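Novice:
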Amino acid sequence: MDSRVKRGAGRVPPPGITAMVPCYNEIDCVERAYREIRAELARYDDVELLFVDDGSTDGTLDAIKGFAAEDSRVKYISFARNFGLEAAFSAGFKYASKPWTVQFDADLQSPPHEMHRLVDKALEGYDVVFAVRENRQDPWHRRLGTWAHQTIARRWLGIELPQGASVFRIVRTSVAHKVVDSRLSTPYFIATAPLLGARYTTLPTAHQPRLDGQGKWNLRKLFSHAVELFFGFSFRPLTWLVGLSGVVMAAGTAVLALALTGRLGPTAIELAGLVAVLVALALLMVVARYLVRVMRVQAIGVPRYQIREANIPIRAAEALYGYETPDVSGHFREPEVWEDAS
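Written as structure tokens, this is what we have:
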């Protein structure tokens with residue numbers, strides 16, 4: 001637990017809350033998610049339920065529009081295509097209108113009835129409270145992958161992040177805006193929030209098997225996620241390879257000297273050359289990865305996502321075309337558009 005927060009400041013009234021739910025092809029889950037999250041939100045007066053549709057093609061958006069038609073507290077944003085989870089939560093945090101935002105998964109493996117515990121913990125003086133899944137009910141490869149990449153990040157690469165933290169979390173919305181607006185190649189929230197100095201802690205919460213639909217995470221996505229974390233928040237891989245290159249260079253000089261004096265045969269020289277080439281290639285690959293990171297950061301004019309439609313005001317730069325967005329009745333209207341300051 002983070003020790004940077006002083007306790008005993010007294011309780012404060014329940015806050016305004018945005019419940020944010022990223023969705024991608026979750027037609028089998030989204031209705032149950034809406035029903036159960038809405039029931040938990042009944043504890044509070046000032047709430048909204050924000051769905052971020054990440055380019056679904058299975059009817060998820062139509063279901064969300066149905067919820068919005070019957071409940072004015074339901075807001076939605078729909079991407080032009082699938083931009084990924086990081087883009088979805090970035091949009092959700094950016095367009096959340098309440099002081100606090102709670103992020104859910106549409107599959108509800110983290111039960112919504114645990115939300116009030118996150119809220120109570122946050123009101124002790126934290127900016128972020130991450131849920132840590134007790135008795136995690138996921139396939140072994142997901143449990144192993146999460147443990148491995150978080151352990152490597154913390155112990156080997158010096159990246160500060162809460163061990164076991166999940167996407168089920170409550171965040172002070174103003175802090176979430178800082179994370180989303182940070183000039184990083186990817187807004188990996190679990191690592192970015194500590195990097196910015198946010199006061200955070202973790203809270204053990206219940207976890208249950210996925211009841212409907214199919215999980216979207218596989219080994220390829222887990223590996224890609226880990227690479228983004230490692231190269232996005234640490235320069236140690238580059239430092240290690242530069243050090244190894246120095247060792248190989250020194251060894252190569254020694255091999256060359258021995259070869260010139262006739263003490264080494266051609267086989268040893270060829271092996272030494274092969275090792276040098278492999279290390280050089282590895283170094284080039286790592287440098288290229290960091291260059292890609294820099295290019296992403298510098299590409300300020302390229303948005304992380306494009307919004308095709310929404311029932312809330314959207315930024316002009318993030319609207320796909322014409323700024324026309326269909327409302328929940330199917331008629332087109334001209335929504336409010338936030339003009340970017342220039």
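According to full-length UniProt numbering, the stretch in the sequence shown is residues 1 to 342, in order.
The C-beta atom is built at its ideal place from N, Cα and C for all residues, glycine as well.
It should be emphasised that the depicted structure is a prediction, and the values quoted were computed from it without experimental measurement.
(1) Based on the DSSP secondary-structure assignment, which residues constitute the bridge partners of TRP100?
(2) So, under 8 Å CB-CB, VAL248 and VAL279 are touching, yes? Tell me the CB distance rounded to an integer number of Å.
(3) Please state whether the Cβ-Cβ distance between SER78 and ASP53 is less than 8 Å.
(4) Looking at C-alpha atoms only, which residue of ILE190, ILE170 and ARG38 is the closest neighbour of GLN150?
(5) Just checking, does the segment 47-66 make contact with the segment 20-29 on the three C-beta pairs under 8 Å criterion?
(6) Between ALA63 and GLU40, which are expected to be in contact by the criterion C-beta below 8 Å, what is the C-beta distance as a whole number of angstroms?
(7) Report the three-state DSSP secondary structure of GLU318 (helix, strand or coil).
(8) Note down the Cα distance separating THR267 from LEU157, rounded to an integer number of angstroms.
(9) Go through its chain and collect everything with a Cβ distance to PRO15's Cβ below 6 Å, but skip five positions before and after it.
(10) Would the beta-carbon of ARG169 be found less than 7 Å away from any heavy atom of the ligand GTP?
(11) Would you report the Cα separation of VAL5 and GLY164, rounded to the nearest angstrom?
(12) Please classify GLU70 as buried or exposed, where buried requires at least 16 other C-beta atoms within 10 Å of its C-beta.
(13) Between which two residues does the beta strand (DSSP E) holding ARG308 run?
(14) Report the partner residues of residue 375 according to the DSSP bridge assignment.
(15) Quick one: what does DSSP say ARG73 is sitting in, helix, strand or coil?
(16) Within the continuous beta strand (DSSP E) that includes PHE51, where are the two ends?
Specialist: The structure says:
(1) For the purposes of this step, residue 100 is identified with residue 100 of the sequence shown, where counting begins at 1. In DSSP, TRP100 forms a bridge with ILE17 and ARG172.
(2) Numbered from its first residue, the sequence shown carries residue 248 at position 248. Numbered from its first residue, the sequence shown carries residue 279 at position 279. Contact between VAL248 and VAL279 is confirmed by a C-beta separation of about 5 Å, below the 8 Å threshold.
(3) Position 78 of the sequence shown, counting from 1, holds the residue named residue 78. Position 53 of the sequence shown, counting from 1, holds the residue named residue 53. Cβ atoms of SER78 and ASP53: closer than 8 Å.
(4) Counted from its first residue, the sequence shown places residue 150 at position 150. When only C-alpha atoms are compared, the closest one is ILE190.
(5) These segments touch.
(6) For this step, residue 63 is matched to residue 63 along the sequence shown. For this step, residue 40 is matched to residue 40 along the sequence shown. With 8 Å as the limit, ALA63 and GLU40 do not qualify as a contact, their Cβ atoms being about 19 Å apart.
(7) Position 318 of the sequence shown, counted from the start, is the residue given in the question as residue 318. Correct three-state label for GLU318: helix.
(8) As a first step, residue 267 is located in the sequence shown; it is residue number 267 there, counting from the start. As a first step, residue 157 is located in the sequence shown; it is residue number 157 there, counting from the start. Roughly 37 Å separates the two Cα atoms.
(9) Locating residue 15 in the sequence shown gives position 15, where the first residue counts as 1. Sequence-distant partners of PRO15 (beyond 5 residues in either direction) whose C-beta falls short of 6 Å from its own C-beta, in its chain, are PRO99 and TRP100.
(10) Among the ligands in the structure shown, none appear at all, so the ligand GTP cannot be discussed.
(11) The sequence position of residue 5 within the sequence shown is 5, counting from 1. The sequence position of residue 164 within the sequence shown is 164, counting from 1. Caution applies to VAL5, whose pLDDT of 41 falls short of 50 and renders its modelled position unreliable; the model cannot decide the point.
(12) For the purposes of this step, residue 70 is taken as residue 70 along the sequence shown, with counting starting at 1. Classification for GLU70: exposed.
(13) Here residue 308 is taken as the residue at index 308 of the sequence shown, counted from 1. ARG308 -> beta strand (DSSP E) spans 307-310.
(14) Any property of residue 375 remains undetermined from this structure, which presents the chain solely from 1 to 342.
(15) Taking the sequence shown and counting its residues from 1, one reaches residue 73 at position 73. Coil at ARG73, not helix or strand.
(16) Here residue 51 refers to the residue found at position 51 when the sequence shown is read from its first residue. Element bounds for PHE51: 47-53.
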